[in-house]
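Structure, as structure tokens:
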Amino acid sequence: MKVKVTNLDGASSGAAGDIELNDAVFGVEPRADILHRVVTWQLEKRRGTARAARERSDVARTGKKFGRQKGGGTARHGDRRAPIFVGGGKAHGPRVRDFNPSLNKKVRALGLKMALSSKAAAGQLIVMENLDVTEAKTKTLKEQLSGLGFGRTALVIDGDALNVGFARASSNLREINLLPAVGANVYDILKADTLVLTRAAVEKLEARFNG
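The opening position of the sequence shown corresponds to residue 1 in this note's numbering, with each subsequent residue numbered one higher.
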């Protein structure tokens, strides 16, 4: 698959050549079930494990009956671990829930390929030469991006390291999400209206699967 490579100021300087995308990475037929499994796994991995409360069987207090059954003038309690006493156990407290699902590495890799391929097939993939900016200011960058057709939201993926100037200029733009190539993931790719890859990002992603 051949795609045009544009510059950041593509509205004025035009394309910067073509790049041949590997069909084994960007030409895979997407499957909704695979994408759903990977996104569900990814979102569940983000959830923290809930902290359990100590119930009456977990509290370290005496279990001895502290009063007579009758004649004491009080209710007939069995021990001090009851929830109504200070220092007693929690009634119906939160339980430990472990959100640590597992998913085969091959399925995760296939899901990422399908996410990349879905953007390429839908025409929502833009490949850029680099993210070099002449001036690291939000106003200047916003004017440059307006002519590139990024859509309402865009996920921009760079190579090993992020371009410092672009990262500084785009930090105030809520519609731009910037990630290094190692952070590419299915959820963020599918969530964005447009996927923007630098030439370095394309090389890193292809090497990631071919290596």
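In this text, a Cβ means the ideal position worked out from N, Cα and C, and glycines have one as well.
Any 3 or more C-beta pairs closer than 8 Å across the stretch 134-147 and the stretch 93-109 = Below 8 Å, too few C-beta pairs join the stretch 134-147 and the stretch 93-109 to call them touching: fewer than three.
Use the C-beta contact count for A201: other C-beta atoms within 10 angstroms, 16 or more gives buried, fewer gives exposed.
-> With 16 or more other Cβ atoms within 10 Å, it is buried.
If V25 sits next to E206, beta carbons under 8 Å apart, how far is it from one beta carbon to the other, in whole angstroms?
-> About 5 Å; that satisfies the 8 Å criterion.
State the Cα-Cα distance for the pair T40 and F85, rounded to the nearest angstrom.
-> Their backbone Cα atoms lie some 42 Å apart in a straight line.
Where N177 falls: helix, strand or coil (DSSP) = In this structure, N177 counts as strand in the three-state DSSP scheme.
Please name the residue, chosen from R61, E55, G165, that lies closest to D132 on a Cα-to-Cα basis.
-> The option with the nearest alpha carbon to D132 is G165.
Could you round the C-beta distance between I126 and T49 to whole angstroms and report it? I think they count as a contact, below 8 Å.
-> For I126 against T49, the beta-carbon gap comes to about 39 Å, at or over 8 Å, which does not count as contact.
Would you check if the distance between the CB atom of K90 and the CB atom of D79 is smaller than 8 Å?
-> Their beta carbons are not under 8 Å apart, which means K90 does not touch D79 by this criterion.
Work out the CA separation of S57 and N177 for me, nearest whole Å.
-> Cα-Cα distance, rounded: 48 Å.
Give the straight-line distance between the Cα atoms of L148 and R37, rounded to the nearest whole angstrom.
-> A straight-line Cα-Cα distance of about 33 Å links L148 and R37.
In angstroms, rounded to a whole number, what distance separates the CA positions of R199 and N130?
-> R199 and N130 have their C-alpha atoms roughly 7 Å apart.
Please report how far the alpha carbon of G17 lies from the alpha carbon of N100, in whole angstroms.
-> Straight-line spacing of the CA atoms in G17 and N100 works out to 45 Å.
Starting from L162, follow its DSSP beta bridges and name the residues at the other end.
-> For L162, which the question treats as bridged, DSSP gives no partner whatsoever.
Compute the Euclidean distance between the alpha carbons of E143 and S170, then round it to the nearest angstrom.
-> Between the C-alpha atoms of E143 and S170 there is a straight-line separation of about 12 Å.
For P83, which residues of its own chain have a beta-carbon under 7 Å away from its beta-carbon, when the five flanking residues on both sides are left out?
-> In the same chain as P83, and ignoring 5 residues on each side of it, the C-beta atoms closer than 7 Å to its own belong to R56, G89, K90, A91, in chain order.
What residue does the alpha helix (DSSP H) around K142 start on, and which one ends it?
-> Taken as a continuous stretch (DSSP letters only), the alpha helix (DSSP H) holding K142 covers 138-145.
Backbone secondary structure at L125 - three-state DSSP = Here L125 carries a strand assignment [DSSP, helix/strand/coil].
State the Cα-Cα distance for the pair A11 and K4, rounded to the nearest angstrom.
-> Low confidence applies here, because A11 scores a pLDDT of 45, under 50, leaving its location unreliable and the question unanswered by this model.
Determine the contact status of L155 and D188, defining contact as a CB-CB distance below 8 Å.
-> Cβ distance < 8 Å, so L155 and D188 count as in contact.
Taking the Cβ atom as the reference point for each residue, do G111 and V59 lie within a distance shorter than 8 Å?
-> No, the pair does not count as a contact, with Cβ atoms beyond the cut-off.
Just the Cα atoms here: how many angstroms apart are A121 and A53?
-> Distance between the alpha carbons of A121 and A53 is about 50 Å.
Where do the ends of the alpha helix (DSSP H) carrying K204 lie?
-> It spans 199-210 - the alpha helix (DSSP H) in which K204 sits, taken as one unbroken run.
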